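Taken in sequence, the protein lines are chains A and B.
Residues 0 to 370 in numbering that gives the first Met the number 0 are what the first sequence spells out, letter by letter.
Residues 0 to 370 in numbering that gives the first Met the number 0 are what the second sequence spells out, letter by letter.
From the three backbone atoms N, C-alpha and C, an ideal C-beta is built for every residue, glycine too.
Bear in mind that the values here come from a model prediction, so they are computed numbers and not experimental data.
Everything on this sheet refers to the single structure shown next.
Protein chains: 2
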Amino acid sequence: MPSSARKKAAPDKAASPVSMSDLAKELGVSVTTISRALSDHFSIGPATKKRVLQLAKKRNYQPNHLAAALRKGKSKLIGVIVPHIYGSFFPAVTHGIERAASKAGYSVILCQSHEDVELERQCLETLIGAQVEGILVSLARTAQDLRHFQKVQQRGTPLVFFDRILENAAVNAVVLDDRKGGYVTTRHLLEQGCRRIAHFAGPQQLNIYRNRRQGYLDALEEYGVPANEELIVYCDMTLEDGQQGMKQLLSLRTPPDAVFAAGDFTAMGALHTIRDQLLQVPQDIALAGFSNEAFTYLLEPRITSVNQKGDQMGQAVIQLLLDVVNQQPGQPLQQVVLEPELLVRTSSLAGREPAAPKAKPASRKPAAGRK
Amino acid sequence: MPSSARKKAAPDKAASPVSMSDLAKELGVSVTTISRALSDHFSIGPATKKRVLQLAKKRNYQPNHLAAALRKGKSKLIGVIVPHIYGSFFPAVTHGIERAASKAGYSVILCQSHEDVELERQCLETLIGAQVEGILVSLARTAQDLRHFQKVQQRGTPLVFFDRILENAAVNAVVLDDRKGGYVTTRHLLEQGCRRIAHFAGPQQLNIYRNRRQGYLDALEEYGVPANEELIVYCDMTLEDGQQGMKQLLSLRTPPDAVFAAGDFTAMGALHTIRDQLLQVPQDIALAGFSNEAFTYLLEPRITSVNQKGDQMGQAVIQLLLDVVNQQPGQPLQQVVLEPELLVRTSSLAGREPAAPKAKPASRKPAAGRK
DNA sequence: TTGTATGCGTTATCAG
DNA sequence: CTGATAACGCATACAA
Numbered sequence: 000m001p002s003s004a005r006k007k008a009a010p011d012k013a014a015s016p017v018s019m020s021d022l023a024k025e026l027g028v029s030v031t032t033i034s035r036a037l038s039d040h041f042s043i044g045p046a047t048k049k050r051v052l053q054l055a056k057k058r059n060y061q062p063n064h065l066a067a068a069l070r071k072g073k074s075k076l077i078g079v080i081v082p083h084i085y086g087s088f089f090p091a092v093t094h095g096i097e098r099a100a101s102k103a104g105y106s107v108i109l110c111q112s113h114e115d116v117e118l119e120r121q122c123l124e125t126l127i128g129a130q131v132e133g134i135l136v137s138l139a140r141t142a143q144d145l146r147h148f149q150k151v152q153q154r155g156t157p158l159v160f161f162d163r164i165l166e167n168a169a170v171n172a173v174v175l176d177d178r179k180g181g182y183v184t185t186r187h188l189l190e191q192g193c194r195r196i197a198h199f200a201g202p203q204q205l206n207i208y209r210n211r212r213q214g215y216l217d218a219l220e221e222y223g224v225p226a227n228e229e230l231i232v233y234c235d236m237t238l239e240d241g242q243q244g245m246k247q248l249l250s251l252r253t254p255p256d257a258v259f260a261a262g263d264f265t266a267m268g269a270l271h272t273i274r275d276q277l278l279q280v281p282q283d284i285a286l287a288g289f290s291n292e293a294f295t296y297l298l299e300p301r302i303t304s305v306n307q308k309g310d311q312m313g314q315a316v317i318q319l320l321l322d323v324v325n326q327q328p329g330q331p332l333q334q335v336v337l338e339p340e341l342l343v344r345t346s347s348l349a350g351r352e353p354a355a356p357k358a359k360p361a362s363r364k365p366a367a368g369r370k
Numbered sequence: 000m001p002s003s004a005r006k007k008a009a010p011d012k013a014a015s016p017v018s019m020s021d022l023a024k025e026l027g028v029s030v031t032t033i034s035r036a037l038s039d040h041f042s043i044g045p046a047t048k049k050r051v052l053q054l055a056k057k058r059n060y061q062p063n064h065l066a067a068a069l070r071k072g073k074s075k076l077i078g079v080i081v082p083h084i085y086g087s088f089f090p091a092v093t094h095g096i097e098r099a100a101s102k103a104g105y106s107v108i109l110c111q112s113h114e115d116v117e118l119e120r121q122c123l124e125t126l127i128g129a130q131v132e133g134i135l136v137s138l139a140r141t142a143q144d145l146r147h148f149q150k151v152q153q154r155g156t157p158l159v160f161f162d163r164i165l166e167n168a169a170v171n172a173v174v175l176d177d178r179k180g181g182y183v184t185t186r187h188l189l190e191q192g193c194r195r196i197a198h199f200a201g202p203q204q205l206n207i208y209r210n211r212r213q214g215y216l217d218a219l220e221e222y223g224v225p226a227n228e229e230l231i232v233y234c235d236m237t238l239e240d241g242q243q244g245m246k247q248l249l250s251l252r253t254p255p256d257a258v259f260a261a262g263d264f265t266a267m268g269a270l271h272t273i274r275d276q277l278l279q280v281p282q283d284i285a286l287a288g289f290s291n292e293a294f295t296y297l298l299e300p301r302i303t304s305v306n307q308k309g310d311q312m313g314q315a316v317i318q319l320l321l322d323v324v325n326q327q328p329g330q331p332l333q334q335v336v337l338e339p340e341l342l343v344r345t346s347s348l349a350g351r352e353p354a355a356p357k358a359k360p361a362s363r364k365p366a367a368g369r370k
């Protein structure tokens with residue numbers, strides 16, 4: 000676009016943004032007129048309006064949203080804090096958020112906490128500093144409390160959490176029904192005839208992992224399979240945790256015949272170890288993960304996983320935020336719960352004799368309901 | 000954190016941000032004093048400084064960066080536009096960017112163009128509106144020109160491109176030596192004894208894909224293997240393109256004995272088709288991709304790929320931006336070129352009799368040099 | 001239909 | 001050491 004920038008020394012109007020008063024001077028009118036003309040106010044004659052618009056274009060006028068925001072107290076900005084943007088889930092959520100926000104006339108700025116509470120606090124500062132009108136947060140895994148959100152609270156900036164929340168906290172939030180996700184996945188394994196189902200559980204202070212584990216226990220109970228802490232591996236849900244934990248599980252006197260990992264990376268790690276031991280998936284051990292990462296469906300065996308519906312969650316979060324913004328203060332808090340979707344793939348099709356539920360299977364309601 | 004919010008009707012100071020003048024009134028001093036105390040100016044007595052700081056904390060004062068930015072003309076914000084945040088590359092770059100920017104005292108706000116030029120333009124507006132001090136861009140794949148960046152140019156906002164750029168454009172940029180990446184990958188396949196090497200090429204208006212293809216051609220030439228357009232599949236680099244294109248290649252009278260795809264997803268698609276036809280990788284067909292996506296190294300066969308060093312690129316981009324910011328206008332443009340890294344994995348270890356370079360192999364210099 | 005005056009929250013300049 | 005005042009760019013109540 001710009002030419003070689005060597006000889007053509009065209010006076011390219013290099014720097015200095017053009018302001019309304021610049022335009023006003025040049026046209027010999029007041030700043031008010033400019034302001035109104037640009038915002039298409041009805042009290043401005045079509046003639047002047049046209050002149051202003053033309054000059055604005057010619058001088059490449061760029062409105063200073065910052066000044067407008069300062070004046071109006073509205074920035075039309077929404078801030079989002081996510082733990083990271085790796086994998087498939089958070090990118091999907093932000094996608095949903097951006098689409099829905101854009102429709103409502105907001106722009107989105109994104110920050111990553113990199114799973115660090117201190118960075119999370121810094122993101123918060125940045126966003127508050129940018130005068131965002133609302134903040135959306137999925138907590139860093141190390142978050143133990145919500146102290147650093149007090150500022151936001153007190154400042155009156157609307158706050159909505161999603162996916163990763165602190166339970167028992169009185170907050171607005173959109174979450175997945177992780178408990179149900181854990182439940183249906185485990186039930187599926189039971190129905191494939193598996194009885195000794197191991198579980199890789201994530202950090203239990205995080206709602207998502209605690210709920211997935213609870214769903215796992217729900218299903219076992221329903222099918223009359225006694226829960227066995229020996230079969231539950233608590234870890235940080237990395238790939239290495241999966242490898243390591245699986246070694247441990249395989250060294251048990253009676254190894255498991257199925258594994259339900261609360262995350263796909265861990266499931267993948269487990270798979271590595273299983274194969275290293277020359278065992279087959281799903282024939283010897285059935286396997287299921289959580290999150291529907293790309294690698295779960297790209298290579299054999301395709302790994303059964305749970306779709307977290309990130310895109311939908313993103314839209315729901317914006318919806319809830321807009322509700323909050325347009326409500327009077329003191330409204331009751333809302334928690335929206337989304338339905339997970341089990342994606343059955345080859346890794347879990349053990350095809351053994353199915354287990355049967357213990358009692359009245361239809362009546363069980365493992366979902367976490369709406370608060 | 001907040002209690003049940005029902006009975007405890009504690010006057011929680013719900014809304015209204017606290018300003019400097021609020022603090023000034025309460026302490027009976029001037030706003031100036033407050034401002035100076037908060038910014039730790041030397042001309043303020045330790046006693047008053049302490050009083051101010053304490054009150055600020057007590058009242059939960061939050062500086063209005065917006066107002067400060069307006070006044071100072073500096074927002075300490077850097078805007079980043081990426082085509083998307085899926086996969087491993089762009090998240091890695093943003094990670095690098097955030098770390099380096101943070102070190103330099105800047106905050107980063109991220110926008111996605113979703114590969115759409117119009118959205119790219121909107122992101123630009125948002126960032127300009129937020130008064131960012133610099134803009135980093137990796138182009139949407141549909142970008143044909145840089146017209147929408149003229150505004151930024153003229154406004155004097157520093158602009159640095161990375162990874163995806165328009166060639167022959169006079170811009171500051173940090174890129175990977177994609178040509179070399181294509182070259183070393185193809186050479187590796189040749190050294191594995193492959194002679195009919197197919198290539199999945201991406202949209203050729205994008206520098207990255209054109210360069211990868213050029214590197215492929217460089218290697219073929221060096222080893223005296225005639226290039227064959229029949230073996231080059233031009234596509235959009237989706238998984239489906241890989242599946243489809245591979246079918247086409249396998250139906251040739253003499254099918255290829257290796258495939259170099261300019262992207263991992265396409266490589267994965269090709270792999271699917273190859274296996275569907277009951278052929279083996281790497282024995283029948285060797286395979287290599289580009290980008291080092293997670294799925295390339297998580298399951299067998301592990302797919303040979305090229306590490307794009309996203310994190311390094313992120314740091315380099317910030318470095319370059321800071322250079323630009325601190326330079327006088329009219330400085331020569333810079334293009335920084337990063338080295339790719341070939342990651343050899345099982346998918347390409349054909350182990351056939353190696354090809355030998357045609358002529359003086361050592362003298363070849365396929366790298367794109369520094370402008 | 002247009003202009004004047006004022007203020008949003010900060011910081012820089014110049015006096016005390 | 002501290003304070004009064006102006007200015008950043010824009011939007012609005014009020015006046016003309």
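(1) What are the boundary residues of the alpha helix (DSSP H) that A:E190 is part of?
(2) Strictly under 8 Å for the Cβ-Cβ distance: is A:E97 near chain B by that measure?
(3) Can you grab the Cα-Cα spacing for the pair B:Q330 / B:D176, in whole Å?
(4) So is A:Q61 in contact with chain B if we call contact Cβ pairs under 8 Å?
(5) According to DSSP, A:Q233 sits in a beta bridge with which residue or residues?
(6) Taking all protein chains shown into account, decide if B:K49 is buried (16 or more other Cβ within 10 angstroms of its Cβ) or exposed.
(7) Beta strand (DSSP E) containing A:F41: first to last residue?
(8) How far does the beta strand (DSSP E) with B:G78 in it reach, from first residue to last?
(9) Starting from the Cα of A:H198, find the closest Cα among A:V159, A:N227, A:A260 and A:R146 and give me that residue.
(10) Relative to the C-alpha of B:V324, which residue among B:G288, B:A91 and B:N171 is closest?
(11) For the beta strand (DSSP E) that B:I108 lies in, which residues bound it at each end?
(12) Under 8 Å: do the stretch 63–78 of chain A and the stretch 292–310 of chain A share three or more Cβ pairs, one atom per stretch?
(13) Can you find a C-beta in chain A that's less than 8 Å from the C-beta of B:S106?
(14) Show which residues of chain A have a CB atom less than 7 Å away from the CB atom of B:I127.
(15) For the beta strand (DSSP E) that B:S133 lies in, which residues bound it at each end?
(16) Between the stretch 282–290 of chain B and the stretch 112–123 of chain B, are three or more C-beta pairs nearer than 8 Å?
(17) What are the boundary residues of the alpha helix (DSSP H) that includes B:V324?
(18) For the alpha helix (DSSP H) holding A:S304, just list the boundary residues, first then last.
(19) What is the DSSP secondary structure of B:F259, reduced to helix, strand or coil?
(20) Going by DSSP, what residues sit across from B:A285 in a beta bridge?
(21) Would you give the residue range spanned by the alpha helix (DSSP H) that A:F88 belongs to?
(22) Tell me, please, which residues DSSP counts as bridged to B:A172.
(23) Assuming A:V116 contacts A:A99 (C-beta within less than 8 Å), just tell me the rounded distance between them.
(24) Based on Cα-Cα distance, which residue from B:A169, B:H94, B:Y105 and B:M236 lies nearest to A:Q111?
(25) Using DSSP with H/G/I as helix, E/B as strand and the rest coil, what is B:E166?
(26) Looking only at its own chain, which residues have a Cβ that is under 7 Å from the Cβ of A:L188, when we skip the five neighbours before and after it?
(27) Measure the CB-CB distance between A:P157 and A:G133 and report whether it falls below 8 Å.
(28) Hey, how far is the Cα of A:N59 from the Cα of A:R211?
(29) Could you check how far apart the C-beta atoms of B:G241 and B:A266 are, in whole angstroms? I think they sit under 8 Å.
(30) Of the choices A:S304, A:C234, A:K308 and A:T237, whose alpha-carbon is the least far from that of A:G181?
(31) What three-state label does DSSP hand A:E114 in the structure shown?
(32) On a Cα-Cα basis, can you pick out the residue from B:H40, B:F41 and B:T47 that is closest to B:A23?
(33) Mind listing the chain B neighbours of A:M267? Cutoff is C-beta to C-beta under 7 Å, in chain order.
(34) At a Cβ threshold of 8 Å, is B:K364 touching chain A?
(35) Under 6 Å Cβ to Cβ from A:S18, same chain only, skipping five residues before and after it: list those, please.
According to the structure data:
(1) D177 to E190
(2) yes
(3) 24 Å
(4) yes
(5) One point to set straight first is that residue 233 of chain A is Tyr, not Gln, in the sequence displayed. A:A200, per the DSSP bridge assignment.
(6) exposed
(7) Where A:F41 is concerned, there is no enclosing beta strand (DSSP E), given that its DSSP letter is neither H nor E.
(8) For B:G78, the uninterrupted beta strand (DSSP E) segment begins and ends at L76 to V81.
(9) A:A260
(10) B:N171
(11) Counting along the chain, the beta strand (DSSP E) containing B:I108 begins and ends at S106 to Q111.
(12) no
(13) yes
(14) Q61
(15) It is worth fixing the name first, because residue 133 of chain B is Gly in this sequence and not Ser. Looking at the DSSP string, the run of the beta strand (DSSP E) that includes B:G133 is G133 to V136.
(16) no
(17) G309 to N325
(18) Careful: A:S304 lies outside any alpha helix (DSSP H), inside the beta strand (DSSP E) at S304 to N306.
(19) strand
(20) In the DSSP output, where bridge partners are listed per residue, B:A285 has B:A257.
(21) If you look at A:F88, you'll find it in the alpha helix (DSSP H) that goes F88 to K102.
(22) DSSP, once it has assigned bridges, lists B:F160 and B:Q334 as partnering B:A172.
(23) A:V116 to A:A99, Cβ: 28 Å. No contact.
(24) B:H94
(25) Note: B:E166 maps to coil in three-state DSSP.
(26) I196, A257, F259, A285, A287 and S347
(27) yes
(28) 54 Å
(29) Going by Cβ atoms, the distance from B:G241 to B:A266 rounds to 6 Å, so yes, they are a contact pair.
(30) A:S304
(31) coil
(32) B:T47
(33) Those are L297, listed as they occur along chain B.
(34) Here B:K364 scores only 46 on pLDDT, less than 50, and its place in the model should not be relied on; the value that follows carries that caveat. Cβ-Cβ to chain A under 8 Å: no for B:K364.
(35) In the same chain as A:S18, and ignoring 5 residues on each side of it, no C-beta atom comes closer than 6 Å to its own.
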